[in-house]
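Residue numbers (the working numbering): 5 to 302. Virtual Cβ for every residue (Gly too), placed ideally from N, Cα, C. It should be emphasised that the depicted structure is a prediction, and the values quoted were computed from it without experimental measurement. Reviewing the structure listed below.
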């Protein structure tokens with residue numbers, strides 16, 4: 005069944021979440037009120053109304069509650085304005101209570117019915133007195149949430165990858181499975197923990213996101229050393245590029261060897277359809293290889 009959905013972000017550079025349009029027409033930049041795991045939140049529409057097969061959406065799909073009013077926008081701006089004060093007060097009380105924890109984020113839920121505080125700590129923390137102190141100072145319900153992994157901290161605070169763009173995990177759903185040596189090999193990469201790690205210390209998510217593309221491309225791309233037919237006759241493959249979708253071919257001639265570069269279109273490869281089962285099998289095969297350890301696993 006087809007449903008009308010919109011894409012919503014709750015912070016700049018954050019993930020895009022799908023919500024049902026609920027018979028409303030939304031445009032990019034519109035404010036919208038949605039029910040989330042954090043409670044009622046104010047977000048911005050980044051993808052306007054579109055129709056999608058509900059089988060492709062994670063279940064259950066929640067509907068957007070309503071378009072944001074001017075009053076909603078002012079309340080959201082007030083929440084953003086108060087955020088630094090909440091974090092500062094929390095840090096002050098953490099120090100007063102001599103707790104071993106680091107506050108990384110905090111603020112009101114949209115309706116100001118609750119204050120959420122995120123922190124990291126080396127172990128369990130008895131923060132009962134801290135909650136009482138915060139409730140007394142801030143006159144609100146307090147909920148503290150411990151972040152256990154570095155990548156969760158990156159998702160909450162946001163960060164940039166070596167490519168200069170926001171980390172994939174802050175924009176998209178974190179991919180399932182780990183990055184293995186075979187996945188790196190499919191992408192023509194050599195294992196280098198320093199170059200291929202994200203801010204969280206684990207292998208960059210993009211390596212996993214792109215695994216399907218490389219598996220599909222590898223299935224149609226001629227291997228180095230094989231002899232193939234080209235518009236200029238038969239030649240031996242000496243190099244290929246999965247991203248540029250090109251193949252370099254060597255022709256042995258009396259007057260000297262010559263290499264030529266061909267695109268997949270030149271070689272009639274672009275129109276080849278690789279069965280999804282074959283792509284899945286290639287990724288599964290790569291998954292069965294030993295995963296590359298992160299810094300904290302070594």
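Give every residue of the same chain whose Cβ lies closer than 6 Å to the Cβ of residue 43, excluding the five residues on either side of it in the sequence, and list them in chain order. Within the chain shown, numbered from 1, the residue matching residue 43 stands at position 39. Excluding residues within five positions, the ones whose Cβ falls inside 6 Å are 113.
Mind checking residue 302: buried by the 16 CB within 10 Å criterion, or exposed? One-based indexing of the chain shown puts residue 302 at position 298. Caution is warranted here: a pLDDT of 42 is assigned to residue 302, below 50, making its placement in the model unreliable, and the coordinate value is therefore given only provisionally. Residue 302 is exposed by the Cβ-count criterion.
So is residue 27 buried or exposed if we call it buried at 16+ other beta carbons inside 10 Å? One-based indexing of the chain shown puts residue 27 at position 23. Result: exposed.
Segment limits, beta strand (DSSP E) that includes residue 40: Locating residue 40 in the chain shown gives position 36, counting from the first residue. Looking at the DSSP string, the run of the beta strand (DSSP E) that includes residue 40 is 35 to 40.
Jot down the residue ranges of each uninterrupted alpha helix (DSSP H) in the segment 170 to 233, minimum 4 residues, whole runs only, in chain order. 172 to 175, 185 to 190, 197 to 200, 209 to 213, 215 to 224
How long is the line joining the alpha carbons of residue 38 and residue 151, rounded to whole angstroms? For this step, residue 38 is matched to residue 34 along the chain shown. For this step, residue 151 is matched to residue 147 along the chain shown. Between residue 38 and residue 151, the C-alpha separation is close to 24 Å.
Bridge-paired residues (DSSP) for residue 267: The residue labelled residue 267 in the question sits at position 263 within the chain shown. Note: residue 267 sits in a beta bridge opposite 250.
By DSSP's criteria, residue 106 is part of a beta bridge. Which residues make up the other side? Translated into positions along the chain shown, residue 106 becomes position 102. In the DSSP output, where bridge partners are listed per residue, residue 106 has 124.
Quick check: residue 251 and residue 235, are their CB atoms within less than 8 Å of each other? On the chain shown, residue 251 is found 247 positions in, with the first residue counted as 1. On the chain shown, residue 235 is found 231 positions in, with the first residue counted as 1. In this structure, residue 235 does not lie closer than 8 Å to residue 251 by Cβ.
Just to check my reading of the structure: residue 194 and residue 218 have Cβ atoms closer than 8 Å, yes? What is that Cβ distance to the nearest angstrom? Position 190 of the chain shown, counted from the first residue, corresponds to residue 194. Position 214 of the chain shown, counted from the first residue, corresponds to residue 218. No, residue 194 and residue 218 are not in contact; Cβ-Cβ is about 15 Å, not under 8 Å.
Residue closest to residue 229, alpha-carbon to alpha-carbon, out of 45, 41, 221, 255: The residue labelled residue 229 in the question sits at position 225 within the chain shown. The shortest C-alpha separation from residue 229 is found at 255.
Using three-state DSSP, classify residue 87 as helix, strand or coil. Numbered from 1 along the chain shown, position 83 holds the residue referred to as residue 87. Of the three classes helix, strand and coil, the one that applies to residue 87 here is helix, per DSSP.
Mind checking residue 215: buried by the 16 CB within 10 Å criterion, or exposed? On the chain shown, position 211 is the one that residue 215 refers to. Result: buried.
Shorter than 8 Å from the beta carbon of residue 31 to some beta carbon of chain D? The structure shown contains no chain D, having only a single protein chain.
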